[in-house]
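Asks: Each protein sequence line maps, in turn, to chains A and B. Okay, so the first sequence: first residue is 2 according to the numbering used here, each after it adds one. Okay, so the second sequence: first residue is 40 according to the numbering used here, each after it adds one. Glycine included, each C-beta is placed from N, C-alpha and C at the ideal position. What you are looking at is a predicted structure, and each value in this text was computed from that prediction instead of being measured. Before I ask anything, here is the structure I am working with.
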Amino acid sequence: MLPEILLGRRILIVTGHYGSGKTELSVSLAMALSRNNETGFPRLALCDLDVVNPYFRSRERMDLLESVGVKVYGGIYGKGSAAEIPELSAAVRAPLDDKGCFTIIDAGGNDAGARILKQFSRYFTREERFTLAVVNASRPDTADVQMTLEQHEAIESALGFEIDGYANNTHMLMETTAATVEKGHRLCSELSAVTGRPLLWDCYPEKLVSAADVEKFSSATLPVGMYMRQTWLDK
Amino acid sequence: MAEKVLMKGNEAFAEAAIRGGARFYFGYPITPQSEIPEYMARELKKRGGAFLQAESELGAINMTYGCASAGGNVFISSSSPGIALMQEGMSFLCSAEVPCTILNVSRGGPGVGGIQPGQADYFQMTRGGGNGDYRIPTYAPANIQEAVDIIYDAPFLADEIRNPVAILADGMMGQMMEPVALPEPKKQIMPEDVAAYKPWALTGYNAKPDGKRVVVKSLRLQPEMLEQHVEMLFEKYHRLEKELVRHESVDLEGAEIVFVAFGTMSRLCTEAMEILAEKGVKAGLIRPITIWPFPYGAFDEIDYGATKAVISTELSMGQMMEDVKIGVSGRLPVELIHRTGGMIPTSIEVAEKAMKILEARK
């Protein structure tokens with residue numbers, strides 16, 4: 002599941018355009034690693050640094066993640082997300098200081114969400130970090146290569162370092178088909194050709210699309226769950 | 040149909056308003072709808088309009104009054120306490136018959152409340168907090184596509200009826216994402232055409248094709264004249280009660296339980312209905328799409344021979360229940376299932392509470 006390029010990296014920064022699916026990917030990856038920890042680090046953590054979104058933050062799934070051994074860090078109010086204060090707990094530095102912990106950082110969307118990470122930049126050494134840009138080609142602002150590059154440049158400028166690779170997370174919620182994922186695969190492959198940065202995963206919602214259908218066009222797939230979305234929203 | 044894109048509710052609402060003809064936005068950020076002013080600040084200038092951040096919601100509604108009086112097509116949005124601040128202006132807009140579109144992405148209350156979704160603005164939207172006799176047609180869409188379609192039509196509807204048109208979409212609708220097909224942009228009314236299209240608007244004496252001066256006003260000092268004006272407004276409102284009222288009925292025939300729910304709660308009820316069906320209990324749903332005018336007639340569709348319980352299901356302490364009781368008109372007692380303060384029940388919780396109500400009736 003973990004591509005070779007990630008081995009030895011301790012901090013996975015998950016960034017991207019607003020609504021690209023960073024949180025769903027972060028939670029899904031954390032859950033998958035809890036079942037099969039390929040990271041080489043004994044401990045797992047998820048840092049929810051999203052101070053942009055008022056709803057649908059990964060800290061809302063704190064109970065689930067901690068029940069499988071993934072420690073969750075975020076706001077000072079724990080899993081509660083009912084505050085519109087852009088606050089973070091000082092405890093988010095704990096996994097970053099812990100050399101034995103693989104940490105997924107779930108950043109807020111766009112450059113506004115990425116800017117929050119700046120205060121932690123001393124942890125993000127070239128050797129330890131990998132910055133993953135999540136791309137959803139169904140979102141109007143990242144519908145083509147040029148638009149996506151512009152979004153990513155703004156994020157890189159806020160971060161102060163470059164994006165290292167892509168995850169294609171193109172979906173249409175319950176209307177997602179293999180063709181939806183393939184559309185994003187084409188966009189990310191073009192991005193990859195322009196920037197020289199690898200496409201790590203083609204993500205697919207495991208409830209809706211089969212791995213076999215995605216493997217027809219992709220050599221690196223990652224199933225994602227629907228941990229953040231209540232089922233009644235799709236009634 | 041246009042190719043679907045994946046949009047967050049607030050972004051889709053803003054885009055639908057622009058495509059529907061809105062060109063002016065005055066507002067002040069408030070969660071959970073701040074993506075709307077952000078979107079408008081970015082887009083309106085590019086699309087031939089203007090965005091202005093007001094000093095408060097009081098400023099925003101009065102800027103709306105001014106701009107719309109001059110014929111500008113204004114769309115504004117806020118969330119519960121912000122809408123409360125706008126109520127005085129809404130009364131003035133209705134009184135002066137000045138159109139605009141108002142979106143409330145509502146949250147928990149009262150007071151400052153919280154930022155999680157709520158439906159406790161039902162009274163605020165359907166009864167209004169402003170003074171005097173007035174009404175504002177209010178839509179309560181249940182999904183982002185329906186909201187997009189309603190918001191897209193609202194600016195022209197408001198112009199046609201010369202009254203504000205409101206949309207109540209709770210915070211969940213604003214923050215969630217869904218695939219939507221965005222309609223093609225409507226033909227814009229250019230500034231030089233406003234005088235002909237809106238002869239009542241303050242477009243300047245020289246712009247008037249018939250040379251008549253017009254005044255947009257709320258003040259009518261003579262009680263006879265004020266009464267006559269209000270009677271005229273209510274002739275319009277009575278007509279709108281018939282013309283605009285909309286609802287959706289689902290599986291009412293033979294239903295033992297009938298849920299009444301709008302917006303987000305209606306989706307949750309749909310899942311609760313599936314849970315009840317698994318237990319062998321048939322449940323139906325009446326979903327008001329307009330909450331003023333309220334679809335009282337929908338309650339005549341209930342299968343009163345089979346139905347044991349009509350349950351108003353709300354994210355408030357039972358504000359809509361009063362209208363449900365008027366609709367049911369004593370044919371059955373009306374029950375309430377609710378959460379409030381930003382809490383949302385689970386569909387299992389709704390199904391279990393409905394079962395208890397049904398068992399108590401048997």
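In chain A, what lies closer than 7 Å to B:L354 by C-beta?
Replies: Those do not exist, as B:L354 stays about 13 Å from chain A at its closest Cβ, beyond 7 Å.
Asks: Measure from the C-beta of B:K84 to each C-beta in chain A and report whether the shortest distance is under 7 Å.
Replies: Judged by the 7 Å Cβ criterion, B:K84 is not in contact with chain A.
Asks: Would you say B:V144 touches the ligand ZN, meaning its beta carbon is less than 6 Å from a heavy atom?
Replies: Inclusion of the ligand ZN in the displayed structure is not the case, the ligand content being empty and no account of it being possible.
Asks: Please decide whether B:R306 counts as near chain A, where near means a Cβ-Cβ distance under 7 Å.
Replies: By this cut-off, B:R306 is an interface position.
Asks: Would a check of beta-carbon distances place B:M216 closer than 7 Å to chain A?
Replies: Closer than 7 Å to some Cβ of chain A, the Cβ of B:M216 qualifies, so yes.
Asks: For A:E176, decide whether its Cβ has a neighbour in chain B, counting only Cβ atoms nearer than 7 Å.
Replies: Yes, A:E176 lies at the interface with chain B (some Cβ there is under 7 Å from its Cβ).
Asks: Run down chain B in chain order and give the residues with a C-beta less than 8 Å from the C-beta of A:R60.
Replies: Chain B residues near A:R60: none, gap ~14 Å exceeds 8 Å.
Asks: How about B:G147 and B:G380: are their beta carbons less than 7 Å apart?
Replies: Cβ atoms of B:G147 and B:G380: closer than 7 Å.
Asks: Between which residues of its own chain and B:R252 is the CB-CB distance below 8 Å, once the five residues before and five after are set aside?
Replies: If we look at B:R252 and ignore the five residues flanking it on each side, its Cβ neighbours are Y244.
Asks: Take B:E374 as the anchor and find which of B:E136, B:P384 and B:M394 has the nearest alpha-carbon.
Replies: Cα-wise, what sits closest to B:E374 is B:M394.
Asks: Measuring CA to CA, which of B:I100, B:G250, B:E50 and B:M215 is closest to B:V137?
Replies: Checking every option, the nearest Cα to that of B:V137 belongs to B:I100.
Asks: Considering only their Cβ atoms, is the gap separating B:A89 from B:F63 smaller than 7 Å?
Replies: Cβ distance < 7 Å, so B:F63 and B:A89 count as in contact.
Asks: If you measure from the beta carbon of B:I190 to each beta carbon in chain A, is any gap under 7 Å?
Replies: Not one chain A Cβ lies under 7 Å of B:I190.
Asks: Between the C-alpha atoms of A:G79 and A:T104, what's the straight-line distance to the nearest angstrom?
Replies: Answer to the nearest angstrom: the Cα atoms are 18 Å apart.
Asks: Using 8 Å for Cβ pairs, my map puts A:V135 next to A:G22. What's the rounded Cβ distance?
Replies: That belief holds up - the Cβ atoms of A:V135 and A:G22 are roughly 6 Å apart, short of 8 Å.
Asks: Between A:G20 and chain B, is there a C-beta pair that is closer than 7 Å?
Replies: Yes, A:G20 counts as interfacial toward chain B.
Asks: Could you please tell me which residues of the segment 304-333 of chain B, in chain order, have their CB closer than 7 Å to any CB of chain A?
Replies: Within the segment 304-333 of chain B, the residues whose Cβ lies closer than 7 Å to some Cβ of chain A are R306, L307, T309 and E310, listed in chain order.
Asks: Just verifying my parser: in three-state terms, what is the DSSP assignment at B:Q92?
Replies: In the structure shown, B:Q92 sits in a strand (DSSP, three-state: E or B).
Asks: Can you pull the chain A residues whose beta carbon is under 8 Å from the beta carbon of B:V44, in chain order?
Replies: The contacting residues are S139, R140, P141 and A144.
Asks: A:M173 CB to nearest chain B CB: under 7 Å?
Replies: True, the Cβ-Cβ gap to chain B drops below 7 Å.
Asks: In whole angstroms, what is the alpha-carbon distance linking B:M211 and A:L174?
Replies: Looking at the two C-alpha atoms, the distance is approximately 16 Å.
Asks: Can you pull the chain B neighbours of A:K236, defined as C-beta to C-beta under 7 Å?
Replies: Residues of chain B passing the Cβ test: R306, T309 and E310.
Asks: If you check the beta carbons only, do B:H268 and B:R278 fall under 7 Å apart?
Replies: Not closer than 7 Å, so no.
Asks: Quick one, which residues of the segment 378-394 of chain B are near chain A if we go by CB-CB under 7 Å, in chain order?
Replies: Cβ contacts with chain A: G381 and S386.
Asks: Pull up the distance between the alpha-carbon of B:Y276 and that of B:R174, whole angstroms please.
Replies: Looking at the two C-alpha atoms, the distance is approximately 7 Å.
Asks: Hey, does B:I154 have any beta-carbon neighbour from chain A nearer than 7 Å?
Replies: With 7 Å as the cut-off, B:I154 counts as an interface residue toward chain A.
Asks: Could you say which of A:A212, A:M148 and A:Y228 lies nearest to A:A221 if we only look at CA atoms?
Replies: Residue A:A212 is the option with its Cα nearest to A:A221.
Asks: Starting from B:I374, follow the beta strand (DSSP E) in both directions and report where the run begins and ends.
Replies: Residue identity differs from the one stated: residue 374 of chain B is Glu in this sequence, not Ile. Taken as a continuous stretch (DSSP letters only), the beta strand (DSSP E) holding B:E374 covers V373 to H377.
Asks: Can you tell me whether DSSP reads A:N169 as helix, strand or coil?
Replies: Residue state, collapsed to three classes: strand.
Asks: List, in order along the chain, the chain B residues whose C-beta lies closer than 7 Å to that of A:T232?
Replies: The answer, in chain order, is E310.
Asks: In whole angstroms, what separates the C-alpha of B:I206 from that of B:P238?
Replies: Taking the straight line from one Cα to the other gives about 26 Å.
Asks: In whole angstroms, give me the CA-to-CA distance for B:S351 and B:P327.
Replies: Computed Cα separation, rounded: 11 Å.
Asks: Mind pulling the chain D residues with CB within less than 7 Å of B:K47?
Replies: Here chain D cannot be found, since the structure's protein chains are A and B.
Asks: Grouping DSSP H, G and I as helix and E and B as strand, with all else coil, what is A:I14?
Replies: DSSP places A:I14 in strand when its eight states are reduced to three.
Asks: In chain order, what residues of the same chain have a beta carbon less than 7 Å from the beta carbon of B:V233, not counting five sequence neighbours either side?
Replies: Closer than 7 Å at Cβ, skipping near neighbours: G110, A240 and T242.
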